[in-house]
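*Asks:* Chains as they are written, first to last, in this note's numbering: chain L, 1 to 307; chain V, 1001 to 1110. Glycine is no exception: its CB is placed at the ideal position from the N, C-alpha and C atoms. Quick caveat, the model's predicted, so the values are computed rather than measured.
1. For residue 1 of chain L and residue 1035 of chain V, I'd like the C-alpha separation in whole angstroms.
2. Put residue 42 of chain L into one of helix, strand or coil per three-state DSSP.
3. Beta-carbon within less than 8 Å of residue 257 of chain L's beta-carbon, same chain only, minus the 5 sequence neighbours each way: which residues are those?
4. Find the residues of chain V that neighbour residue 300 of chain L, judging by a C-beta separation of less than 8 Å, and give them in chain order.
5. Give the single residue among L:275, L:286, L:252, L:292 whose Cα lies nearest to the Cα of residue 20 of chain L.
6. Skipping 5 residues on each side, what residues in its chain have a beta carbon closer than 7 Å to that of residue 243 of chain L?
7. Just how far apart, CA to CA, sit residue 1072 of chain V and residue 1012 of chain V?
8. Give me the subset of the stretch 87-121 of chain L whose CB atoms are less than 8 Å from a CB atom of chain V, sorted by chain position.
9. Scan the stretch 263-274 of chain L for residues whose Cβ lies nearer than 9 Å to a Cβ of chain V and list them as they occur along the chain.
10. Compile a chain-ordered list of the residues in the stretch 1086-1103 of chain V whose CB is closer than 7 Å to at least one CB of chain L.
11. Is it buried or exposed, residue 185 of chain L, if we count other Cβ atoms within 10 angstroms and call 16 or more buried?
12. Considering only C-alpha positions, which residue in the set L:282, L:248, L:14 is nearest to residue 141 of chain L?
13. At the 8 Å Cβ level, is residue 1029 of chain V part of the contact set with chain L, yes or no?
14. On the CB-based measure, 16 or more other CB atoms within 10 Å of its CB, does residue 171 of chain L come out buried or exposed?
15. Please go through the same chain and pick out, in chain order, the residues whose beta-carbon is closer than 8 Å to the beta-carbon of residue 115 of chain L, but skip the five residues on each side of it.
16. Who are the Cβ neighbours of residue 92 of chain L in its own chain at under 7 Å, not counting the five residues just before and after it?
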């Protein structure tokens, strides 16, 4: 577990913690209390006096965001938001924490602020601890569910999208064009966070498509890397976090198709790069998946559907 | 994972033995990249003794293929065990490679 002190919160860390909170919310009240509520209360973030409600504070934060003179008020407002939400409800605390982390990822001054750094320092270790416990549990759930999945369900989950169809290709071209236009707009505005999200969503969505304009997208990524060093690495981490979340929330929801497709998308996107986040964890899940396919003797059938 | 090296008609042949997953594939990837950097750009990877291949393993081979092609070389695969080849196909990696049933066929016309 990483217990190093931080001086600035990276967008990747903010995204990762935000995803862990979403998984935590699905894990039950007791765990939510233990891994998010209590650490914040023990750190003294709970205030006894009621301010305006958390939704009102959120609106004030977004108002301050668009006013340069008020940028430095966002940190204290976010702290006030968390303090307020601790008094409201578990769902309010979850939403407020995700809101705070999202703004940390998109507002550089907040990522370096005292409040942003303190918030992340408080919740990072408890959330990492939760994630490790959750991961072990969910891997076992995944294995158990794979044992009972029907052959048809497994085949459906591993079926490719119709790659060769003209209308699919036309759709991807349109989406790519829209993506490049949007990136150009947000890049001109200096909104690197939004650019990262757009590219990540596109690459995840079309990971398995042969004709997914990967070369053109790589050029855009390189241009953004030149402009904002570290962009490519953050993007990879960002995609890995999204896929990891998708896989584990699929397992939590009993949606094995979502989990299996996430594993496939990870494989296609990163092609065995050991430096990518969750490389080992996802390989472990793939091992379980392959073992079940072998046990059910389904390779031949899947091969027919995929070629 | 065991990696045996040999050479035939200027072609670098790697014979792999064991399991190719996230634990073992970084070694293979490093080996391929080092060889390619030293000029061994025509490569055959003999898969006959590979008993398991995950996406991480296939990705290491793909990285080797990309690196060799950048130096106008080629990486071919041969002699897959049936189950391993099925997994490789289902994962969608086989479209990127030239795959041969045995080493002699892979050497032919390289």
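*Replies:* Taking the definition as stated:
1. Note that residue 1 of chain L has pLDDT 44, beneath the 50 cutoff, so the model's placement of it is unreliable and the number below is only indicative. Taking the straight line joining both Cα atoms gives about 36 Å.
2. helix
3. 153, 156, 157, 250
4. 1086
5. L:252
6. 204, 262, 265, 266
7. 15 Å
8. none
9. 263, 264, 266, 267, 268, 270, 271, 272, 273, 274
10. 1086, 1087, 1089, 1090, 1091, 1092
11. exposed
12. L:248
13. yes
14. exposed
15. 75, 76, 78, 79
16. 54, 85
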